[in-house]
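Our numbering puts the first residue of the sequence shown at -2, with every later residue one more than the last.
Quick reminder that beta carbons are idealized off the backbone N, C-alpha and C, glycines included.
A quick write-up on the structure given underneath.
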Amino acid sequence: MLTNEKQERGQVEPSDLQLIERVKEGDMRSFEMIMNRHKAKVAAVIFGMISDADSAEDIGQEVFIRFFKTIGNFKGEAELSTYLIRIAINLSINELNRNRKRALVPLEKMSAAETAGISDGNVSSENNELKEVLDKAIHLLDPKYKKVIVLRLVNGYSTKETAEILNLPMGTVLSRLARGQKKLQQMLEPYVKN
-2 MLTNEKQERG QVEPSDLQLI ERVKEGDMRS FEMIMNRHKA KVAAVIFGMI SDADSAEDIG
58 QEVFIRFFKT IGNFKGEAEL STYLIRIAIN LSINELNRNR KRALVPLEKM SAAETAGISD
118 GNVSSENNEL KEVLDKAIHL LDPKYKKVIV LRLVNGYSTK ETAEILNLPM GTVLSRLARG
178 QKKLQQMLEP YVKN
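In structure tokens form, the structure reads like this:
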């Protein structure tokens, strides 16, 4: 791995805080390093929240633009990845609220053609269709449940990490996770055979 090769040669990757200080001094290469280091995590969270790829890409760019504009406000009290993910979640929720009127079709109104593959016996098709229905169900959740579900179950963050990212007590995260899962189960029940 490139990082290990650099470490063997005595070249250590600069920390996020070191890169931020360099950016404040006008070093745009350091900002590019920050983006490259964190863009995958930011993108994963946004794609979990937003179903439209174009909107998700725009939000991803906006996350880093906002961070750059306010880089002087970053105090390092939280990990940079946590800070960027908070921005991503807030921008995603703003986008969802703007588009609420043209929201996804409720699962009950999905056509038979959209859900037919779930019980047709073709495992690959069944898995793809089930994933599609699950994605639609997640996007229909109230944002307070959706944030927790996306971070905890879709992106695999621990309960503690999810609590830190959302600035919530762990008990609240666990409660919202349980309620969100229950709502998902209720929405998906008609589409999943035993």
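When the Cα atoms are used, what is the spatial distance from residue i to residue j?
i    : j    : result
L16  : R26  : 9 Å
R173 : E59  : 27 Å
E29  : K36  : 10 Å
I47  : H136 : 7 Å
T159 : V170 : 7 Å
E10  : K180 : 43 Å
Taking the alpha carbon of residue i as the reference point, which residue from the options has its own alpha carbon closest?
i    : options              : result
L148 : E54, R83, T67, K179  : R83
E129 : G45, K38, F65        : G45
E92  : V9, E54, K179, A175  : E54
D139 : S89, P187, F65       : S89
F65  : I31, S52, Q8         : I31
T79  : K21, Q183, M167, K38 : K38
L127 : Y188, R63, A50       : Y188
Q182 : I146, Y154, S52, F61 : I146
K21  : L81, T67, Q8         : T67
Am I right that residue i and residue j are in contact with their C-beta atoms under 8 Å? What's the rounded C-beta distance?
i    : j    : result
A41  : N125 : Contact doesn't hold; Cβ gap of about 20 Å is too wide.
E18  : A75  : 17 Å between Cβ atoms; not a contact.
R95  : Y142 : Not confirmed; about 19 Å, so no contact.
L269 : K144 : The structure shown does not extend to residue 269, since the chain spans only -2 to 191, so no value can be given for it.
L165 : A134 : Actually they do not touch by this definition, with Cβ atoms about 22 Å apart.
Where does residue i land, buried or exposed, given buried means 16+ other C-beta within 10 angstroms?
i    : result
K72  : exposed
G192 : No answer is possible for residue 192: it lies beyond the span of the chain, which begins at -2 and ends at 191.
A85  : buried
E43  : Note on residue identity: the sequence assigns Ile, not Glu, to residue 43. Burial call: buried.
L81  : buried
D51  : exposed
Runs of alpha helix (DSSP H) wholly within the region 43 to 99 (minimum 4 residues, chain order)
50 to 66, 77 to 95
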